[in-house]
Each structure stands twice: as structure tokens, then as C-alpha cells.
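Here the structure comes first, spelled out in C-alpha cells, and everything after it is commentary.
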Amino acid sequence: MIAVLRSELHRTLTVPSNWISIGAAMVLGMSFALFSVDFWSLFVALGVFGTAVVTTTQHYQHRTAMLLFLGRPRRWVALLAQCLTATLIGLVMTAVSGVTTILAGDLAQFAGTLAAVPFLAVFGVASGTLLRRPVPLFIGYGTWFVFAEGLAFRFEQPLPFTTFMSAAGGNNPLGLLFFAGWTTLALAAALWTIRRDLTD
Numbered sequence: 001m002i003a004v005l006r007s008e009l010h011r012t013l014t015v016p017s018n019w020i021s022i023g024a025a026m027v028l029g030m031s032f033a034l035f036s037v038d039f040w041s042l043f044v045a046l047g048v049f050g051t052a053v054v055t056t057t058q059h060y061q062h063r064t065a066m067l068l069f070l071g072r073p074r075r076w077v078a079l080l081a082q083c084l085t086a087t088l089i090g091l092v093m094t095a096v097s098g099v100t101t102i103l104a105g106d107l108a109q110f111a112g113t114l115a116a117v118p119f120l121a122v123f124g125v126a127s128g129t130l131l132r133r134p135v136p137l138f139i140g141y142g143t144w145f146v147f148a149e150g151l152a153f154r155f156e157q158p159l160p161f162t163t164f165m166s167a168a169g170g171n172n173p174l175g176l177l178f179f180a181g182w183t184t185l186a187l188a189a190a191l192w193t194i195r196r197d198l199t200d
């Protein structure tokens, strides 16, 4: 398990495009936190979720998943390592970019976002494992967020991204509980489907 985790961390942190996206998310988060802590949480969420999805789907796009699964026939171990890697990177992104939020005195927002980020990272890995293609996934979730959660339900129903933003505010433990539930469902689906053929 430790070897797989170390391998995932090394792979993620040695790809230049990953550093660019991580750095951009942190800089944007710190910058927009000067105007609104909600914007900080939003950009952190985009960075964490995007990084988790891209690093997961890279395995399938570049066919490195085949080598990974040959070395680790128990695929759930690889999935767990990916979840831990995404969580660690997400927590670092949140902590570093949250400096301006802390200085602004919005400790509840910082703590809420920090608590919700691990679930978002796992949700991103699970989603990437399910679909295996980042572009359709981002388009699909973006459409869902705007038209379903936003326009149809006006961010008032306990749906995935609504509950994340609610939890990130730091004043709604129920939001975190609901989002943990969505993450659990996504992870269960990923554990079930990770066994399918790599050419699917």
C-alpha cells in the first residue's frame, strides 16, 4: 500500500501540467479570497476536484493503469492510493491558499472548507474512475451544476455540489454529512466498476 501511495504521489507531482493547475487554483483562490471567502472555497473546490479527476483519468488515457493493475491485481488498493494522494494534495492546496482567508478572520469558512475537501478529492477520484474521460466528465458535471442544482433547484436541495458549498461555509454540519453520503455512493460505484476491462 505504501509503495502504491508513493508511486501515485511521485506520478502526480512530476507532471508539469499538474503543477500548473495546482498553482493556478491556489493563486486564484488566494486572490479572490480578498473579495469573498466564498470565491476562495469555490476556486479551491475547482482545483481539488479538477486535479483529482485529471490525475485519475490520466491512468486510463495514457494506459498506465494496465501496468498499475498488473503490479497490483487488487485494484481497490490502487483506488485507495489514488484517493489518499488526491486528499493529501487537496489539503495542502487548501491550507496554502487559505492564508488570506485566515488573515481575514474567516476561520469558520477555512475550517469548513478544509473539512469538506477530503470528501471532494475522493469524489473526484471516484468520478474519474467511473467515466475515465475528463472532458465529458467536466462538461457533464458543469451542466449539472448550472442547470440542475442552480437553475432547477436554486441550490436549495441536498445535491452533491450544493452540499459541498454548504459544508464549506463552516456553519452547516448537515451539509458535510450529506456530501459525505454522496462521496460514499460515488466511491462504492467506483469500487464496483474498477473491475471492468481497461478498454471500456
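In terms of the working numbering, the sequence shown opens at residue 1 and continues consecutively.
Don't be surprised by glycine CBs; every beta carbon is placed ideally from N, CA and C.
Pair within 9 Å by beta-carbon distance, residue i and residue j
{"i": "I89", "j": "A45", "result": "no"}
{"i": "L130", "j": "A78", "result": "no"}
{"i": "L187", "j": "A104", "result": "no"}
{"i": "T87", "j": "P118", "result": "yes"}
{"i": "V37", "j": "Q82", "result": "no"}
{"i": "F138", "j": "V4", "result": "no"}
{"i": "L203", "j": "L114", "result": "This structure leaves residue 203 out entirely; the chain is present only between 1 and 200."}
{"i": "G128", "j": "M93", "result": "no"}
{"i": "A111", "j": "G170", "result": "yes"}
{"i": "R6", "j": "T57", "result": "no"}
{"i": "T51", "j": "A25", "result": "yes"}
Per-residue burial, residue i [other beta carbons within 10 Å of its own, 16 or more giving buried]
{"i": "H10", "result": "exposed"}
{"i": "P16", "result": "exposed"}
{"i": "S41", "result": "buried"}
{"i": "R154", "result": "exposed"}
{"i": "E156", "result": "exposed"}
{"i": "G142", "result": "exposed"}
{"i": "L174", "result": "exposed"}
{"i": "V136", "result": "Correcting the residue type first, residue 136 is Pro in the shown sequence and not Val. Classification of P136: exposed, given that the 10 Å Cβ count is below 16."}
{"i": "I22", "result": "buried"}
{"i": "T14", "result": "exposed"}
{"i": "R196", "result": "exposed"}
{"i": "G140", "result": "exposed"}
{"i": "F35", "result": "exposed"}
{"i": "F43", "result": "buried"}
Spatial neighbours of residue i in its chain, beta-carbon cut-off 6 Å, leaving aside the 5 residues before and after
{"i": "M30", "result": "S97, T100"}
{"i": "F49", "result": "L120, G124"}
{"i": "E183", "result": "Note that residue 183 is Thr in the sequence shown here, rather than Glu. F119, V122, F123."}
Spatial neighbours of residue i in its chain, beta-carbon cut-off 7 Å, leaving aside the 5 residues before and after
{"i": "T12", "result": "N18, T55, T85, I89"}
{"i": "L202", "result": "Missing from the structure shown is residue 202; the chain here goes from 1 to 200 and no further."}
{"i": "A116", "result": "F164, A167, A168, L176, F179"}
{"i": "P158", "result": "F178"}
{"i": "E8", "result": "A81, Q82, T85"}
Same chain, Cβ closer than 8 Å to residue i, neighbours up to 5 away in sequence not counted
{"i": "F145", "result": "F161"}
{"i": "A148", "result": "L159"}
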